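Residue numbers (full-length UniProt numbering): 1 to 63.
Just so you know, even glycine gets a beta-carbon here, dropped at the ideal spot from N, CA and C.
None of the values given here were measured: they were computed from a predicted structure.
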């Protein structure tokens, strides 16, 4: 999906695809909304520390 500012209207307008789709934010690097094929929307923050692997993922369903 296209990169855009994550707003409530942008997340609500995102439609489920055949495979999980990611809606990345333009303001916060690593912050995105994942839309599952069933329509579930999960907010994800990807970050890394010096000791961690490059794709450490934290998921949260409610903000």
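If you compare alpha carbons, which of 18, 42, 29, 33 is closest to residue 48? As a position in the chain shown, residue 48 is number 48, starting the count at 1. 29 is the residue among 18, 42, 29, 33 whose C-alpha sits nearest the C-alpha of residue 48.
Residue environment, residue 27, which counts as buried when at least 16 other CB atoms sit within 10 Å: Along the chain shown, read from residue 1 onward, the residue named residue 27 stands at position 27. Classification of residue 27: exposed, given that the 10 Å Cβ count is below 16.
Separation of residue 42 from residue 13, as counted between CA atoms: Here residue 13 corresponds to residue number 13 of the chain shown, with the count starting at 1. Here residue 42 corresponds to residue number 42 of the chain shown, with the count starting at 1. About 14 Å.
Return the CA-CA distance between residue 4 and residue 21, expressed in angstroms with no decimal places. Translated into positions along the chain shown, residue 4 becomes position 4. Translated into positions along the chain shown, residue 21 becomes position 21. For the pair residue 4 and residue 21, the Cα-to-Cα distance works out to about 14 Å.
Of all the options 19, 39, 38, 46, which has the alpha carbon lying nearest to the alpha carbon of residue 32? Stepping through the chain shown from its first residue, residue 32 is reached at position 32. Among 19, 39, 38, 46, the Cα nearest to that of residue 32 is on 46.
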